[in-house]
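Protein chains in written order, with UniProt numbering: chain A, 1 to 436; chain B, 1 to 1051.
All C-beta atoms, glycine included, are put in the ideal place defined by N, C-alpha and C.
As structure tokens, the structure follows; a few thoughts come after it.
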């Protein structure tokens, strides 16, 4: 993955003036509400909830799935799509992305990912979400219907929301707002990278300070919540107010932690707090798979293609982590954090299969598992009666580059136009190739 | 270190000790007019009864050494001192030649505090010219450091305390640092201290305090060394003559370097890789060189040995990595654990390999660690003879003073080390003589009163037991005893102290039947005896004699014998190639193979062959077909169910590069060579093998329009840098266009370098080509001169920068052009077409689809990312269908990684073109095999499974372009470099070795953490095309400027 400005220097201001018109809207029209029932006929249906059905049909109407099975008869006025030989999946759900918050990484004017300071629980990602981004249509193109939009930053970053990627504006696209608070766990261990000039002692002190800061935040947040509940506190602080949902269990706590020692600290932390906690990133989760399973904490594994974190680690550590988590009984999803490159999500799940993960579990890791982790499994993440008609039809195996070709996408029954800027440029220049 | 008990050591009786306290000069200044009285102090000194180690391996017992006027006059075996000499009885002492440190900055002027470098200020591109100095401010070869030399008693202390008497010294700053001077550490006037005014030149790759931008990378430094050495040869011929462009300039630095072949060069290499890199370039100019090593030589000992160079080795053994906290090992690599264990055995390994080496204090965090570390090296198998040679004869040669220092011999300097006991076991230096003058480190009197003494006073016999470390305790009892603690009654003594070499205590002797408190005082009188007095309760003084108990002496002797024979524990770490986790114990052997029943993806016209066989002989594919018979002696591989493809070839890689991927300082740096800085230790070589890659084209970054020369390697994991190089590959070079080269994202300070626009990029390229043509013409013109004219005319100066560009315009060096947008691509093709050559390959070329027709007409290839985009403006029109559009229009198209991560999975990167634009699978595979081979002009050797090509083969367990394919084995030229099964075992081995070493560290307790904190290698970062910063600033020059984490540019 290409992380763009790696510059650590403060003085590296990017020439933002260059790009007045960069965030121009795409010209793709969002799908219209479903007007007639649709019958998908004769496909391989990856229901996720009820296994894989061969030669099966799916009927949906008014945005909801009304029947799944073999040889279903078409409702009156139904649009019938023969999808023989094709695959039907629930729409893929991308977790931990900055889609719509970034248009062009090197151009600061188009980047809305980090609020100032390291305690900004009040910020809500959807407020900056650009529904007209040129990037998101390329994400839809690979079968992803929904994305969790997450603020970045250190320590307490803010709140994420789940958006459907085909919408007129964020309000139209909002599938679930304010999923929870995102917390970057304080660093642990020794940074031995070449740019680190602090001594081990200095590093440790800095880490201890961050841990203290976090403990203070949590304590104050709890006191504030109690004081508000009891009516003692009448003045409103937007920051502490935002944290209250953690204690009332209305909000989840998404903790971003990769190192084994961080994850251990997170587990111990939640022993005390009992939050509705999701571990994000979880690069070293394989080392603690049993403990994580025992603590019943779901993991959003964020480095499915990662290089080994340490020189002595096996080359395939990241590739085989999903299989190890599955084996230990950890509830997990696979994510591909980023923005433009989120489109590789399904292939990353496929790669996990190459390194031992069961295929159906790989599909679940980008459909049902994310839906469940975000608490929207009542409507998303599987193909079963009563769920939202959010599904994709792929010519072949959608987890494999060789098979994925999304022929249809429906989000809540609305058919999504799968064109995008790149496809349009392709078609434009094909004409040049053909004409000359 | 253990202190020897008094009983077994000699006591010096004589005037030597007294003399040491006085300050008189045995050698007078010879030219200063005397003010007042002339001084003629006696200056004949004789050490008698001494053990003399006159040079390594030469030992004289009971000999006499005579010094006069600071020079050794004679060495006598007859143990007689000359008349009138000050006699020093050295019974029980060993005299060694004074030690010589051949790499020092003692007594010479230090650089002024360096101005902050980096991007905070306006970059400095040129040197201020003064007095014939070099054009680069890291070159100051004209400096003679003797000119600034002044003895410095404070600085000398650290050296003398370790037994050093002489150093070769220069300011350790810059690339060609100037000529060192070899001087005595004596506290005298400079004129008397200078042993050799002009010694060797010193050099390094680190530009030091230079504030000039160039060079900012290791390869830049190497290129500057090469150009400077070439210039000095040219200058020797050209000075004073007229060149085609005028009178040849005066250049003091180049003139000084012309003497290099006589003087020699001491070159500081940071590690064994840099030593070998330095040797490549220095050896090509036949520079006689001595390397300052690092302690990592054992990791590539055969290569080090092959240089035939002498080394100067620091004894900087690292402290163990911190492991006491749980899981702290997560931050510690096996390579570091190995080095912790093995560093002390490096000197023994060098001796074993018969490499000549000297020791230096340079680079040691604490000078006081020198001897403990040297003894550790001896315990790890270094002979004391080699150790002494490394302190005397070898450095004497290096410092150019072998005719006067390094031995005890008549006529040699009166520089010597006096040791109590064997210095290489448990002895200790008691004094160091510099030019016939003593620097006393400790009394030659042993001052250890510990042990059991038999006292006689007032007609009574007592036994005194003195014990304790630091604070002493004592017990007194009546009667003699040979067995301590055997006496009926004893009293504790009070107020026991040892000062002024006197033992004093009080004792209440009531319990011993002698009423009152008695006060005792004792001083040493001979080897095993003390004398003194006791004042009784009435104030009467009585004489007191004491004799050491014999039983105690024997015990002590045993103890010291045991410590002298101390052997280090056997080493448990392995040495692998490279010496990191997953390194090879030995290089894989070439095998003749019969691969049977595979699905063979030939990537040539034969397409995919089912149930096919491949015969490999001597690393070459001999036959591809069905049902082939197995030649005798061939290894059969049953590949049923497996897919075999050619090894993957990456047109654009930055793995395996040391200390900087960009020499991005100047707009044109075509003289720098990635080939100079190939890093064979990079774990990404192995990881890429595990993804099926066998060939990588290592490219310079994209920070300037004309960057450095590329290097194609085969991923022969375990080989050294030279062994990785794919020799058959024609030369290449990196060009770059667009945002990076016009420094769009480098911050406000970086706006003065030409070019800052795409317009300027085209012009500077055009200009470079023009200059190269004119350069070529100038060389031709010179060749055409008559012999007489040539004598009067300066030869053209070889300019490596223009040489490389000349190769480019003569189509002898192929361009790989970092490019994004249509306009800049067309502009460059326009420019080079005017010059009559062609761009070879556009790399990245994200808008290639917009100008595919023009690229095809021009005849260039294109190598792109599969699907990257949106990371910057010039990447905003990138499309994943780019490859299809280019290929359809006749452009030779490939996929590259430009990423350590993606290089491991180029198969699925290629598959993205199947996904996004329906490319055929055969073409997709060719985009990562045959087509990049063609772009590198190596398709004659690699890129397809075709008879006659190298047997670079990958075995997959599934369709090689699918998400589900896993590499099972990777072969290069019939050698197996990756095997999934072996890898699974290697993981176990790595883990077991790690655990054993972690246990060893933990078992060593606090002792493990004694040592240098800077003793480990810096890990090389994951380089990206656009990483551009000053490595000398970031890695080595951080002492002055605090934190500065600047990288330049974006993707």
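For the 7 Å CB-CB criterion, residue 253/A and residue 181/A form a contact. A direct Cα-to-Cα measurement between residue 869/B and residue 669/B gives close to 28 Å.
By the C-beta criterion, the stretch 319-328 of chain A is judged not to be in contact with the stretch 844-863 of chain B, since fewer than 3 inter-stretch pairs fall below 8 Å. DSSP, reduced to helix, strand and coil, places residue 93/A within a strand of the structure shown. For residue 622/B, the enclosing beta strand (DSSP E) stretches over residues 620-625.
The three-state reading of DSSP puts residue 833/B in helix, counting H, G and I together.
Taking 7 Å as the cut-off, the Cβ atoms of residue 699/B and residue 652/B count as close. Pairwise C-beta distances place the stretch 745-764 of chain B out of contact with the stretch 595-614 of chain B, as fewer than three of them are shorter than 8 Å. If you look at residue 812/B, you'll find it isn't in any alpha helix (DSSP H); DSSP assigns it neither H nor E. In this structure, residue 805/B and residue 762/B do not form a Cβ contact; the two beta carbons are roughly 15 Å apart against a cut-off of 8 Å. Residue burial is scored here from C-beta neighbours: residue 492/B has fewer than 16 other C-beta atoms within 10 angstroms and is therefore classed as exposed. For residue 330/B, the nearest CB of chain A lies under 7 Å from its own CB, placing it at the interface with that chain. The beta carbon of residue 912/B is closer than 7 Å to those of 866, 867, 880 in its chain, skipping five residues each way along the sequence. The distance from the Cβ of residue 731/B to that of residue 942/B is about 17 Å, inconsistent with a contact at the 8 Å cut-off. Cβ-Cβ distances below 7 Å link residue 80/A to 39, 41, 74 in the same chain, with the five nearest sequence neighbours on each side left out; the list follows chain order.
In the three-state reduction of the DSSP assignment, residue 505/B falls in the strand class. Residues of the stretch 344-377 of chain A with a C-beta atom less than 8 Å from some C-beta of chain B are 344, 347, 350, 351, 353, 354, 355, listed in chain order. Cβ-Cβ distances below 6 Å link residue 276/B to 303 in the same chain, with the five nearest sequence neighbours on each side left out; the list follows chain order. Residue 932/B is positioned such that its CB atom lies closer than 7 Å to that of residue 894/B. Between residue 126/A and residue 170/A, the gap from beta carbon to beta carbon is short of 7 Å. Out of 783/B, 326/B, 679/B, 283/B, the CA that lies nearest to the CA of residue 1020/B is found in 679/B. For the pair residue 122/A and residue 908/B, the Cα-to-Cα distance works out to about 41 Å.
Proximity of the stretch 415-430 of chain B to the stretch 149-166 of chain B meets the contact definition, three or more beta-carbon pairs being nearer than 8 Å.
Between residue 188/A and the set 210/A, 106/A, 232/A, the nearest pair of CA atoms involves 210/A. Taking 7 Å as the CB threshold, residue 44/B stays off the interface with chain A. No Cβ-Cβ contact shorter than 7 Å links residue 45/A with residue 333/B.
With fewer than 16 neighbouring CB atoms inside 10 Å of its own CB, residue 193/A falls in the exposed class. Interface flag for residue 211/A against chain B is unset, since no Cβ pair is found closer than 7 Å.
About 5 Å separates the beta carbon of residue 149/B from that of residue 190/B, a gap short enough to meet the 8 Å contact definition.
Comparing C-alpha distances from residue 42/B to each of 68/B, 839/B, 49/B shows the shortest one belongs to 68/B. Residue-level contact check: residue 333/B touches chain A, since one or more beta carbons of chain A fall below 7 Å from its beta carbon. Using a CB distance below 8 Å, no part of the stretch 218-234 of chain B faces chain A. In this structure the stretch 662-676 of chain B does not touch the stretch 636-645 of chain B; the number of beta carbon pairs closer than 8 Å is below three. Taking a C-beta cut-off of 8 Å against chain A, none of the residues of the stretch 692-717 of chain B qualify. Setting aside the 5 residues that flank it on each side, residue 496/B is surrounded in the same chain by 472, 474, 505, each with a C-beta closer than 6 Å to its C-beta; the list follows chain order. Sequence-ordered contacts of the stretch 922-951 of chain B with chain A are nonexistent [C-beta pairs closer than 8 Å].
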